[in-house]
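The opening residue of the sequence shown carries number 847 in our numbering; numbering runs sequentially from there.
Every residue gets a Cβ at the ideal spot worked out from N, C-alpha and C, and that includes glycine.
Following: one structure in structure tokens, then a few remarks.
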Amino acid sequence: MNLSVQLAPTHPCGLLLENPVMTASGTFGYGTEYAEFVDIQRLGAIVCKGTTLKPREGNPQPRLKETPSGLLNAIGLQNIGVEAIIKQKAPMWASWKVPVIVNIAGESVEDYGRVASRLDGVAGVSGLEVNIGCPNVKAGGMEFGRDPKEAAAVTRAVKAVTSLPVIVKLTPNVTDIVEIALAVSEAGANAVCLINTLRGMAIDTASRKPALGNIHGGLSGPAIKPVALSMVYQAAKEIKVPIVGCGGISSAEDALEFIMAGASAVEVGTIQFVNPRALIDILEGIERFMQKEGVTQLSEIIGAAHN
Ligand SMILES: Cc1cc2nc3c(=O)[nH]c(=O)nc-3n(C[C@H](O)[C@H](O)[C@H](O)COP(=O)(O)O)c2cc1C
């Protein structure tokens, strides 16, 4: 059986994964935190925590709140900064078989370009995932990914300074996801990832105050799966570059739904907080399905629901 996927067919070096199971940024640290539960070298790829130019302390506590079938988080991109990634993490990644993709974030278009340029040519970094769900400080805090022009500007700024394959990760907090997916793919994204978290909030009735220090947070987990799946299906109809599906994937069955909706690979996040072995369970479940159904190449079922 061949589970391999080429995530960047339009890139000179490509981004070949042995299988389609990836980690979702911010839920798997830098790859070592889950090593006790998961043989990380079996994964398709690891996407590390969102990385900014300077280290960030993140938002005030509380930062997490469970919801029915979901999780609200307002971590606020706490991270060690790009220089620490280069010095402390990349040398370790360079000795791994599994490709590591660095998720990057910024407060301005220039910021994204600076982070991307620092990571160019760093051994151990196989690709960039650009989180365009971040607030644009110059535009009053509106997320870059809510405006096709800004989304394209970030994509172009990153592409201009990197020789690495670029995946642009879209925010679902938009009216028309297809418009944004088209804008970033036309601006040069080698692949897109759908979706990041959905904006939400909760109120603690005992204190009569918002439950999160940041008031608003991002909703993830099984609750968002149907929304994510529908966006992947819509985007797959219109764009030519590969799609990485993400949002509420908890089982192999969920992952297969995303693949049949048109995703070439999947990212798994929140469910790991419930089942730390989820990534391997999902990989083995996909293999079992392919065996049972006589599917020899994963590519046979990518987008099957459109036929
Ligand atoms: C605690 C937490 C931290 C996250 N941090 C990031 C991040 O730094 N960058 C990013 O692009 N997405 C981040 N995300 C979003 C996830 O990567 C993913 O897109 C989202 O959670 C939906 O997938 P899931 O339902 O499988 O978790 C974070 C999600 C959670 C729950």
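Exercise. Report buried or exposed for S1224, applying the criterion of at least 16 other Cβ atoms within 10 angstroms of its Cβ.
Key: Nothing about residue 1224 can be read from this structure; the chain reaches only from 847 to 1153.
Exercise. With a threshold of 16 other CB atoms inside 10 Å of the CB of M938, please say whether the residue is buried or exposed.
Key: M938 comes out exposed.
Quiz item: What does DSSP give as the partner residues of M868 in its beta bridges?
Solution: Note: M868 is bridge-paired with A891 and E1113 in the DSSP secondary-structure output.
Quiz item: Does the Cβ-Cβ distance between G1140 and M1106 come in under 9 Å?
Solution: Not in contact: G1140 and M1106 (Cβ atoms no closer than 9 Å).
Quiz item: Hey, how far is the Cα of A969 from the Cα of T1051?
Solution: If I take the Cα positions, the gap works out to 50 Å.
Quiz item: Does the Cβ of N802 lie closer than 8 Å to at least one heavy atom of ligand 1?
Solution: The structure shown does not extend to residue 802, since the chain is modelled only from 847 through 1153, so no value can be given for it.
Quiz item: Between the beta-carbon of M1163 and the beta-carbon of P981, is there less than 9 Å?
Solution: The question about residue 1163 has no answer here: the residues shown for the chain are numbered 847 through 1153.
Exercise. Report the residue from V1014, N1019 and L1040 whose alpha carbon sits nearest the alpha carbon of A1033.
Key: Nearest C-alpha to A1033: V1014.
Quiz prompt | Collapsed DSSP secondary structure at A969 in the structure displayed | solution = DSSP places A969 outside both helix and strand once states are collapsed to three, so it counts as coil.
Quiz item: Nearest-angstrom Cα distance between V1030 and T897?
Solution: Going by the C-alpha atoms only, they are around 20 Å apart.
Quiz item: For the candidate residues L1129, P1068, G875 and L1016, whose alpha-carbon lies nearest to that of L1102?
Solution: The candidate whose alpha carbon is nearest that of L1102 is L1129.
Quiz item: T1167 to H1152, Cα distance in whole Å?
Solution: Since the first residue shown for the chain is 847 and the last is 1153, residue 1167 is missing from the structure and cannot be characterised.
Exercise. Output the boundary residues of the alpha helix (DSSP H) element that contains M1106.
Key: In the DSSP annotation of this structure, the continuous segment of the alpha helix (DSSP H) that includes M1106 starts and ends at A1098 to A1107.
Quiz item: Which residues bound the beta strand (DSSP E) around I947?
Solution: Unbroken beta strand (DSSP E) run through I947: V946 to I950.
Exercise. Select from R1002, A1111, I1049 and I921 the residue whose C-alpha is nearest the C-alpha of P906.
Key: Out of R1002, A1111, I1049 and I921, I921 has the C-alpha closest to the C-alpha of P906.
Quiz item: Since R964 sits in a beta bridge, which residues does DSSP pair it with?
Solution: Looking at the DSSP assignment, R964 forms no beta bridge with any residue, so it has no partner.
Quiz item: CB L1044 to CB I1023, shorter than 9 Å?
Solution: No, Cβ-Cβ distance for L1044 and I1023 is not below 9 Å.
Self-check item: Residue range of the alpha helix (DSSP H) that includes I1128
Solution: Counted as a single uninterrupted DSSP element, the alpha helix (DSSP H) harbouring I1128 occupies residues A1124 to E1139.
Practice problem: Please name the residue in S963, V1004 and G916 whose C-alpha comes closest to that of I932. | Solution: Put simply, of S963, V1004 and G916 the residue whose alpha carbon is nearest the alpha carbon of I932 is S963.
Quiz item: What is the residue span of the alpha helix (DSSP H) that E1084 lies within?
Solution: Counting along the chain, the unbroken alpha helix (DSSP H) around E1084 starts and ends at K1071 to E1084.
Quiz item: By Cβ distance below 6 Å, which residues in the same chain neighbour N1011 in space, the five residues on each side in sequence not counted?
Solution: Asn is not the amino acid found at residue 1011; the sequence shown has Pro there. Excluding residues within five positions, the ones whose Cβ falls inside 6 Å are A854, H857, L861, G973 and N1036.
Quiz item: Is it right to say M847 is buried, meaning 16 or more other beta carbons lie within 10 angstroms of its own, or is it exposed?
Solution: Flag for M847 reads exposed.
Quiz item: Are the beta-carbon atoms belonging to I950 and L965 less than 9 Å from one another?
Solution: Contact: yes.
Practice problem: Would you decide whether C1092 is buried or exposed? Buried here means 16 or more other CB atoms lie within 10 Å of its CB. | Solution: Residue environment analysis places C1092 among the buried positions, since at least 16 neighbouring C-beta atoms fall within 10 angstroms of its C-beta.
Quiz item: In angstroms, rounded to a whole number, what distance separates the CA positions of L1028 and Q852?
Solution: The alpha-carbon atoms of L1028 and Q852 are separated by roughly 20 Å.
Quiz prompt | Closer than 8 Å: N982 CB and nearest ligand 1 heavy atom | solution = No, the Cβ of N982 stays beyond 8 Å of every heavy atom of ligand 1.
Quiz item: Taking the C-alpha atoms as reference points, what is the distance between E953 and M1136?
Solution: CA-to-CA, the gap between E953 and M1136 works out to about 43 Å.
Quiz prompt | Straight-line gap, V1004 to K1138 (C-alpha atoms, nearest Å) | solution = Straight-line Cα distance between these residues: approximately 42 Å.
Self-check item: Residues near K935 in its chain [Cβ-Cβ closer than 6 Å; skip 5 each side]
Solution: Beyond the five residues adjoining it in sequence on each side, K935 comes within less than 6 Å, by CB distance, of Y876 in the same chain, given in chain order.
Quiz item: Thinking C-beta only, is V884 closer than 9 Å to I1132?
Solution: Cβ distance not < 9 Å, so I1132 and V884 don't count as in contact.
Quiz item: Since L1058 contacts P908 with CB under 8 Å, what's their CB separation in whole angstroms?
Solution: Right, the Cβ-Cβ distance comes to about 6 Å (below 8 Å), so this counts as a contact.
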